[in-house]
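Okay, so the sequence shown: first residue is 1 according to the UniProt record's numbering, each after it adds one.
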Amino acid sequence: MKKQLKSTNEIEIKNEFASVICKRVHTRNGMRLEISSPRLGFSIQLDALALESLTWQDMETFSKFLETPFGTEEDDV
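1. Going by C-alpha distance, which of F42, V25, L46 and G71 is nearest N9?
2. Locate the beta strand (DSSP E) running through E10, then write down its first and last residues.
3. Please report the residue range of the beta strand (DSSP E) in which L40 lies.
4. From which residue to which residue does the alpha helix (DSSP H) around T61 run?
5. Cutting at 6 Å between CB atoms, please list the residues of its own chain near V20, excluding the five before and the five after it.
6. Mapping DSSP to helix, strand and coil, what is T55?
7. Taking the beta strand (DSSP E) that R28 belongs to, which residues open and close that run?
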């Protein structure tokens, strides 16, 4: 049975490695796209400029994100 999403504003994107839910949210600072990882408990809200800046990146940038997906050990200090 397929999991029912909470609203029509939500879409779920997943593969064998990850699953995220994306939804449009309204904040006092305007509309954002909220991307959340239910399995890991992380989420982020991105505005239009942050989303557009993703289009400026090449795939190497995203590969670097995956080298330390939860930040470096120095970030824990």
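All residues carry an ideal CB built from backbone N, CA and C; glycine is no exception.
On the basis of the supplied data:
1. V25
2. Membership of E10 in the beta strand (DSSP E) is indicated by the continuous run E10 to K14.
3. L40 -> no beta strand (DSSP E), and no H or E assigned at all.
4. M59 to E67
5. I13, I35 and S37, listed in sequence order.
6. helix
7. It is not in any beta strand (DSSP E) - R28 carries neither H nor E in the DSSP assignment.
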